[in-house]
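The structure appears below as structure tokens.
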Amino acid sequence: MIMCLAVPGKILSVDTSHPETRMAKVSFGGIAKEVNLDFVPEAQVGDYVVVHVGFALNKVDEEEAKKVFEYLEQMGELAELDEKQSAEPGRP
Amino acid sequence: MKFIDEYREAEGVQKFARAIAGLVTKPWTLMEICGGQTHAIIKFGVDELLPKQVTLVHGPGCPVCVTPLEIIDKALEIAARPEVTFCSFGDMLRVPGSRTDLLAVKAAGGDVRMVYSPLDAVKIARENPSRQVVFFAVGFETTAPANAMSVFQARRLGLRNFSLLVSHVLVPPAMEAILSSSINRVQGFLAAGHVCAVMGYHEYPPLAAKYRVPIVVTGFEPLDIMQGIYLCLKQLEEGRHEVENAYGRTVQFEGNRPAQQLLQEVFQVVPRKWRGIGEIPRSGLALSEAYREFDAETRFGVAHLTAAESPECISGLVLQGVKKPGDCPAFGTRCTPERPLGATMVSSEGACAAYYRYRRPAA
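The listed protein sequences derive, respectively, from chains A and B. Under this note's numbering, the first residue of the first sequence carries the number 1, and numbering increases by one thereafter. Under this note's numbering, the first residue of the second sequence carries the number 1001, and numbering increases by one thereafter.
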């Protein structure tokens, strides 16, 4: 797949037997694949990485991943507030 | 799967759809850059959740689509040689050149292999020292680090039977080409999330400022795309043109430094032809001086080949967001995924192919 398709997977184990390159077993919803970790030296077992053509491009930032859901919650609260305000008589 | 399923749930997508409906007061045209995003938008029907005033046009970010015909012809020429084992990602195998495609070369006895990763091609070269192994290195900034690593490893291993046929393209110069065109209609961009995972997004603030367009780094799941669209429209309605990141779980401002360093060592920036668009200055990568001995075009003497595209195909206008697939009289009749006339019907992620698959009126 050469499209910029990249899929998040969880690092199951890291193979340290090659001195020059770091390979890992990464699980994609239960299917394990060999993945090169040379571009993510900080990634460890248990981390999620975004994988493209056999290479991890980045670690998934779990804190950042929550933000869109927090944003949606705030939007929900604002919308409720808006509805209440527009229901008040005398407001434009 | 974690980090996928929760971004496909309808509730959040609907919330963004309602917020967008409440926000939009004028007609706006946005472009998603990446073919992966185009595919997701059409597949999940994201565009159908938007108000009528909002038009999504589909960008040039499909590497299969924009690989010029003459590079395909070079691949075919090399792959047909008896001493060559030609390795490619699956998507490129059925892309037609001027006369034939790689699958037909394989059927005629050529040693053409589909690989999942460029490292698979390095492995084949190690295990078959008597074969000349060529890897077809196409793609955007997302794929370039992997391909760079293959040739980096081949050099370290002293492999003299490995080479790359390189046709790498870069996103920001294509965005600038679209914005500076006299027929441009794009008012805001959803930037390609995985390109930015590698390159970061420090290249975008000057573009946003110069052309006064919002640019929002966007992911690939329906919720990501809706968030990108929402933020982009919010900027347009508020008269802002800034760079925002709606894909923070994968993208940082500075991008992936180790990957960028390897790209700098292995490749150099060159002008590149884009299928359907033409040559764009500083829009591609070629092997750097230090790695030139691994250049398949030189090794097999095919650098001189050129080819002309179908005059009927409007893919150049589709790739620049000026036309939509349905505007083409050949769409779905003289041009289909089985017999494509040009770039955007060639790959399953091309805009015309996505419309053909998901949006064809029932016969």
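Ideal Cβ positions, reconstructed from N, Cα and C, are used throughout, including at glycine.
Residue pairing by DSSP places B:Asp1111 opposite B:Thr1085 in a beta bridge. In the DSSP assignment, B:Arg1272 falls outside any alpha helix (DSSP H) and within the unbroken beta strand (DSSP E) covering 1267-1274. Separation of the CB atoms of B:Met1199 and B:Glu1141 is rounded to 5 Å, and the pair is thereby assigned contact status at 8 Å. Residue pairing by DSSP places B:Cys1313 opposite no residue, since no beta bridge is assigned to it. For B:Met1345, no CB of chain A lies under 9 Å from its own CB, so it is not counted at the interface with that chain. When Cβ-Cβ separations below 9 Å define contact, B:Thr1250 makes contact with chain A.
Secondary structure of A:Asp38 (DSSP, three-state): coil. In this model, A:Phe28 and A:Gly9 are separated by some 5 Å (Cα to Cα).
Within the segment 7-19 of chain A, the residues whose Cβ lies closer than 9 Å to any Cβ of chain B are, in chain order, Val7, Pro8, Gly9, Lys10.
In summary, the residues of the segment 51-75 of chain A whose CB is separated from some CB of chain B by less than 8 Å are His52, Val53, Gly54, Phe55, Leu57, Asn58, Val60, Asp61, Glu62, Glu64, Ala65, Lys67, Val68, Phe69, Tyr71, Leu72, Met75, in the order they occur in the chain. In the displayed model, B:Tyr1201 falls within coil according to three-state DSSP, outside both helix and strand. For B:Ile1225, there is no enclosing beta strand (DSSP E); the residue is part of the alpha helix (DSSP H) that begins and ends at 1222-1237. Bounds of any beta strand (DSSP E) do not take in B:Tyr1358; it lies within the alpha helix (DSSP H) bounded by 1351-1358. Contact annotation, B:Phe1162 with B:Phe1294: C-beta distance approximately 7 Å; criterion of less than 8 Å satisfied. Per DSSP, the continuous beta strand (DSSP E) segment holding B:Thr1029 begins and ends at 1028-1034. Interface residue (Cβ-Cβ distance to chain B less than 9 Å): A:Asp38 is classified as such.
Closest option to B:His1168, judged by alpha-carbon separation, among B:Arg1299, B:Glu1279, B:Leu1179: B:Glu1279. Here DSSP, grouped into helix, strand and coil, assigns B:Asn1147 to helix. In this structure, DSSP gives B:Asp1073 a helical state, which the three-state scheme calls helix. Restricting attention to B:Asp1091, B:Ile1004, B:Val1151, the CA atom closest to the CA of A:Val49 is found in B:Ile1004.
Taking each of B:Gly1012, B:Glu1176, B:Gly1061, B:Pro1063 in turn and checking the Cα distance to B:Leu1049, the smallest one comes out for B:Gly1012. Only buried fits B:Pro1118, as 16 or more other CB atoms lie within 10 angstroms of its CB. Among the residues of the segment 1220-1240 of chain B, those with a Cβ less than 7 Å away from any Cβ of chain A are Leu1223, Gln1227, in the order of the chain. The straight-line gap separating the alpha-carbon atoms of A:Met23 and B:Leu1159 is approximately 21 Å. For the C-beta of A:Gly29, the chain B residues within less than 7 Å are, from N- to C-terminus, Met1001. Bounds of the alpha helix (DSSP H) holding B:Met1175 are 1171-1180. At a cut-off of 9 Å between beta-carbon atoms, B:Leu1119 makes contact with chain A. Within chain A, no residue has its beta carbon less than 8 Å from that of B:Pro1173; the closest one is some 16 Å off.
Residues Leu1305, Thr1306, Ala1307 of the same chain have their beta carbon placed closer than 6 Å to that of B:Glu1070, with the five preceding and five following residues left out of the count. Cβ neighbours of B:Cys1335 within its own chain (closer than 6 Å, five residues either side excluded): Leu1341, Met1345. Between the alpha carbons of B:Gly1139 and B:Pro1082 lies a distance of about 27 Å. Cβ contact annotation for A:Phe39 (same chain, cutoff 7 Å, sequence separation greater than five): Phe55, Ala56, Leu57, in chain order. Around the C-beta of B:Lys1015, 16 or more other C-beta atoms lie within 10 Å, and the residue is accordingly described as buried.
Note that the segment 1188-1195 of chain B touches the segment 1247-1260 of chain B; at least 3 beta-carbon pairs, one per stretch, sit closer than 8 Å.
Counted as a single uninterrupted DSSP element, the alpha helix (DSSP H) harbouring B:Met1345 occupies residues 1343-1346. For B:Asn1256, the residues of chain A that pass the 7 Å Cβ criterion are Phe39, Leu57, Asn58, in the order they occur in the chain.
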